[in-house]
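In the order they appear, the protein sequences are chains A and B.
Each number in my numbering comes from the position in the first sequence (counting from 1) with 31 added on.
Each number in my numbering comes from the position in the second sequence (counting from 1) with 31 added on.
There are 2 protein chains.
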Amino acid sequence: MSSIVLAIGNGSALFGPSAPADDSELVRFIDPQSQVVNAFDLSVLRGDGIFEATTVWKGFPVSLENHLRRLADSARLVDMPAPNFDAFTRAVQLVIDEYDDPEPGPMLRIIVSRGLDPSTGVGKTKAGVPTVLIFLDALGTLHELDPITMASMTRGYPSDITARAPWLLNGAKTLSYAFNCAVHRECDRRGVGDAVLYTEDGYTLECPNSSIVARYGNRYVTPDPRIGILNGTSQREMFAWAQQEGARIEYRKLPIAELRDADSLYMTHGGWVIPVSELDGITKRVDMPQIVAINEAIHSGRTQTDALSIRPVGDYI
Amino acid sequence: MSSIVLAIGNGSALFGPSAPADDSELVRFIDPQSQVVNAFDLSVLRGDGIFEATTVWKGFPVSLENHLRRLADSARLVDMPAPNFDAFTRAVQLVIDEYDDPEPGPMLRIIVSRGLDPSTGVGKTKAGVPTVLIFLDALGTLHELDPITMASMTRGYPSDITARAPWLLNGAKTLSYAFNCAVHRECDRRGVGDAVLYTEDGYTLECPNSSIVARYGNRYVTPDPRIGILNGTSQREMFAWAQQEGARIEYRKLPIAELRDADSLYMTHGGWVIPVSELDGITKRVDMPQIVAINEAIHSGRTQTDALSIRPVGDYI
Numbered sequence: 032m033s034s035i036v037l038a039i040g041n042g043s044a045l046f047g048p049s050a051p052a053d054d055s056e057l058v059r060f061i062d063p064q065s066q067v068v069n070a071f072d073l074s075v076l077r078g079d080g081i082f083e084a085t086t087v088w089k090g091f092p093v094s095l096e097n098h099l100r101r102l103a104d105s106a107r108l109v110d111m112p113a114p115n116f117d118a119f120t121r122a123v124q125l126v127i128d129e130y131d132d133p134e135p136g137p138m139l140r141i142i143v144s145r146g147l148d149p150s151t152g153v154g155k156t157k158a159g160v161p162t163v164l165i166f167l168d169a170l171g172t173l174h175e176l177d178p179i180t181m182a183s184m185t186r187g188y189p190s191d192i193t194a195r196a197p198w199l200l201n202g203a204k205t206l207s208y209a210f211n212c213a214v215h216r217e218c219d220r221r222g223v224g225d226a227v228l229y230t231e232d233g234y235t236l237e238c239p240n241s242s243i244v245a246r247y248g249n250r251y252v253t254p255d256p257r258i259g260i261l262n263g264t265s266q267r268e269m270f271a272w273a274q275q276e277g278a279r280i281e282y283r284k285l286p287i288a289e290l291r292d293a294d295s296l297y298m299t300h301g302g303w304v305i306p307v308s309e310l311d312g313i314t315k316r317v318d319m320p321q322i323v324a325i326n327e328a329i330h331s332g333r334t335q336t337d338a339l340s341i342r343p344v345g346d347y348i
Numbered sequence: 032m033s034s035i036v037l038a039i040g041n042g043s044a045l046f047g048p049s050a051p052a053d054d055s056e057l058v059r060f061i062d063p064q065s066q067v068v069n070a071f072d073l074s075v076l077r078g079d080g081i082f083e084a085t086t087v088w089k090g091f092p093v094s095l096e097n098h099l100r101r102l103a104d105s106a107r108l109v110d111m112p113a114p115n116f117d118a119f120t121r122a123v124q125l126v127i128d129e130y131d132d133p134e135p136g137p138m139l140r141i142i143v144s145r146g147l148d149p150s151t152g153v154g155k156t157k158a159g160v161p162t163v164l165i166f167l168d169a170l171g172t173l174h175e176l177d178p179i180t181m182a183s184m185t186r187g188y189p190s191d192i193t194a195r196a197p198w199l200l201n202g203a204k205t206l207s208y209a210f211n212c213a214v215h216r217e218c219d220r221r222g223v224g225d226a227v228l229y230t231e232d233g234y235t236l237e238c239p240n241s242s243i244v245a246r247y248g249n250r251y252v253t254p255d256p257r258i259g260i261l262n263g264t265s266q267r268e269m270f271a272w273a274q275q276e277g278a279r280i281e282y283r284k285l286p287i288a289e290l291r292d293a294d295s296l297y298m299t300h301g302g303w304v305i306p307v308s309e310l311d312g313i314t315k316r317v318d319m320p321q322i323v324a325i326n327e328a329i330h331s332g333r334t335q336t337d338a339l340s341i342r343p344v345g346d347y348i
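Laid out in structure tokens, this is it:
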């Protein structure tokens, strides 16, 4: 039984102008326990690559198109070639087809490194082709709907840095997640479930591997991604749900003090919306039937089409 | 002939309390062209690990003890176990013993990831043992003494952030180098050789993969690492050289404007001191005989012992 499916993608095809007709040229499957990456790959040496992660719910890859769009955004921000959407969509389906564990919601991850390091002896003649791994994993840590506590922490940057310093790669989902991992260890030390980051001038950003949504009455607010954060895929699914339910949605610069005043808070990532029970010691209202309803709407595909067109409107102020 | 030597280290031994008596338990050698890293290793998935790099000059691993001390500092900052210096020193020597290319100064790199990702199905029962790769490479890009041009760029942080936000991992040499790679691509776009980074309040930090030293007359100045930068190994070798030559050395908060006013600038890394011919369009004096003399002092081991005790004195202000 394949509870973990691991595929090596054909980097030339997945980042080429036209997808190959034959599926066998897109991916090949390998034993997840085996060694598959060269020591001189830029993922290993430099965390130099990009990725996406979502849930495949009963065979349905949640928000796949928005994930691929964000992969393309990340590729552009890190000066990599553009992913071929058709090739990636088919490659993901091939991975899903190999899966046969009873778990309905395994995690899907697409890992792309820039390829072999051209400054090394092994890489200098073979560089330039992205290394692609795609896997589906039912045996790792899966999402749960249990309410989590949160602490806010500074990201160290001012809110205007992204336009001034694109080399910081703010807004790109890179493989360089040592900082994100460190924030989670800091959460463990503080005894909280996760963190929300803010700028030095006090504006809400995002969580280390998720987005944040605040509810004020019938209004759902999230930070405008143009501040230099990821464009949340599950957050957009949640906004689609909110619109369908007749609520208002809003993107803007959101002071962290105002986030603390929200009626409810939601952490969104990987195809899930998870309730926040507490931020910086302040209790937040958790409505579990609502949480279940939102996740059902996302996993059933009800919000998928609407989520594709949700974005901030107007200029970034 | 082994122009590239790649070893997989025994993570338990290299990060254990006592080094094994038998060398064969420290490393095993593998074909550099082969696949050696599992897809679920935290280096691949998260850039979650630490590293060191130096030159082995005619069999002499430059600044090895200071590199291992810094590896230990990085391990502490990222909550990893402490490296065993004896085991690492012997492992590095075993790698050097396998090398037999005529190139006198191959690059040595020590790569350490946190191990397999415990949140994945493959990693959950086998996590906690660092993955260690050690390689020596004569065929990649080697250091040259040609003077380089430089541009200054913001790092986005204020100069007091490191003490306030240790989760930013400032001062740790992690595998998450996507930002550092992006700065080098920005340099390519601007047509300069490298960059020096500064804080939002205008203090000099470091270069993406090197340290910076400024000369004012007979005084050599470098930013105090307590601002949240790496403790430069080659920079300390250079300071040892300067002291031996009767010059003054100084660690302090160094305004970027003052860096631009230096008589000469030196980029130091990987066992080399490289002259800077220009910063932000301002020409700097390059004294090639001096550069050659400094590098000879470092490579011959003349500065090694003195470099071990060079550090900033007094409190950080």
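Cβ atoms here follow ideal geometry from the backbone N, Cα and C, with glycine treated the same way.
Here the structure is a predicted model, which is why all the values come from computation and not from measurement.
On the criterion of 16 or more Cβ atoms from any shown chain inside 10 Å, does residue i qualify as buried, or is it exposed?
{"i": "B/V344", "result": "exposed"}
{"i": "B/N115", "result": "buried"}
{"i": "B/M138", "result": "buried"}
{"i": "A/I313", "result": "exposed"}
{"i": "A/R267", "result": "buried"}
{"i": "B/R246", "result": "buried"}
{"i": "A/E56", "result": "exposed"}
{"i": "A/S49", "result": "exposed"}
{"i": "A/D225", "result": "buried"}
{"i": "A/S74", "result": "buried"}
{"i": "B/V252", "result": "buried"}
{"i": "A/K89", "result": "exposed"}
{"i": "B/D79", "result": "buried"}
{"i": "B/T299", "result": "buried"}
Between residue i and residue j, what straight-line distance do the alpha-carbon atoms span, to the nearest angstrom?
{"i": "A/F71", "j": "B/N97", "result": "24 Å"}
{"i": "A/T193", "j": "B/G277", "result": "45 Å"}
{"i": "A/E231", "j": "A/G202", "result": "17 Å"}
{"i": "A/G152", "j": "B/T172", "result": "8 Å"}
{"i": "B/R121", "j": "A/R145", "result": "33 Å"}
{"i": "A/T334", "j": "A/S34", "result": "28 Å"}
{"i": "B/A106", "j": "B/A113", "result": "6 Å"}
{"i": "A/S183", "j": "A/D311", "result": "6 Å"}
{"i": "A/D131", "j": "A/D168", "result": "11 Å"}
{"i": "B/T205", "j": "A/G154", "result": "21 Å"}
{"i": "A/Q66", "j": "A/F210", "result": "26 Å"}
{"i": "A/R216", "j": "A/Y297", "result": "21 Å"}
{"i": "A/G159", "j": "A/M111", "result": "9 Å"}
{"i": "A/S337", "j": "A/S265", "result": "Correcting the residue type first, residue 337 of chain A is Asp in the shown sequence and not Ser. Going by the C-alpha atoms only, they are around 12 Å apart."}
{"i": "A/I341", "j": "A/S295", "result": "21 Å"}
{"i": "A/P178", "j": "A/G263", "result": "20 Å"}
{"i": "A/D219", "j": "B/E175", "result": "45 Å"}
Can you list, in chain order, the residues of its chain with a C-beta nearer than 6 Å to that of residue i? Leave out the 5 residues immediately preceding and following it.
{"i": "B/V163", "result": "G40, G42, L45 and V143"}
{"i": "A/R257", "result": "Y347"}
{"i": "B/F166", "result": "L37 and R140"}
{"i": "A/L76", "result": "D148"}
{"i": "B/P51", "result": "A44"}
Going by DSSP, which residues form a beta bridge with residue i?
{"i": "B/Q66", "result": "A/N69"}
{"i": "B/I179", "result": "B/V307"}
{"i": "B/V317", "result": "DSSP output for B/V317 lists no bridge partner at all."}
{"i": "B/D53", "result": "DSSP output for B/D53 lists no bridge partner at all."}
{"i": "A/L285", "result": "DSSP output for A/L285 lists no bridge partner at all."}
{"i": "B/I351", "result": "Lying before the first or after the last residue shown, residue 351 of chain B is absent from chain B, which here runs from 32 to 348."}
{"i": "A/Y247", "result": "A/R250"}
{"i": "A/F60", "result": "A/A38"}
{"i": "B/C238", "result": "B/S241"}
{"i": "B/D225", "result": "B/M181"}
Is residue i near the ligand SAM, with its Cβ less than 7 Å from a heavy atom?
{"i": "A/V36", "result": "Questions concerning the ligand SAM fall outside what the structure shown contains, since it holds no ligand whatsoever."}
So, at 8 Å on beta carbons, what are the nonlocal neighbours of residue i in its own chain, with the 5 sequence-adjacent residues on each side left out?
{"i": "B/P197", "result": "L108"}
{"i": "B/Y234", "result": "S190, P254, I258, K284, L285, P286 and I287"}
{"i": "B/E281", "result": "R250, Y251, V252 and T253"}
{"i": "A/H330", "result": "T86, W88, K89, F91, V93, G136 and G302"}
To which residues of the same chain is residue i closer than 7 Å at the C-beta, ignoring the five residues directly before and after it?
{"i": "B/N249", "result": "A278 and R279"}
{"i": "B/L339", "result": "E96 and N97"}
{"i": "A/L236", "result": "R186, L228, Y229, T230, P254, I258 and I260"}
{"i": "A/G47", "result": "N115"}
Quiz item: Using 8 Å as the Cβ pair cut-off and three pairs as the minimum, do the segment 84-94 of chain A and the segment 50-64 of chain A touch?
Solution: No contact exists between the segment 84-94 of chain A and the segment 50-64 of chain A.
Quiz item: On the three-pair Cβ rule with 8 Å, is the segment 231-245 of chain B touching the segment 295-307 of chain B?
Solution: Verdict: yes, contact present.
Quiz item: Between the segment 290-306 of chain A and the segment 118-134 of chain A, do three or more beta carbon pairs fall short of 8 Å?
Solution: The segment 290-306 of chain A, when compared against the segment 118-134 of chain A, does not touch it at the 8 Å Cβ threshold.
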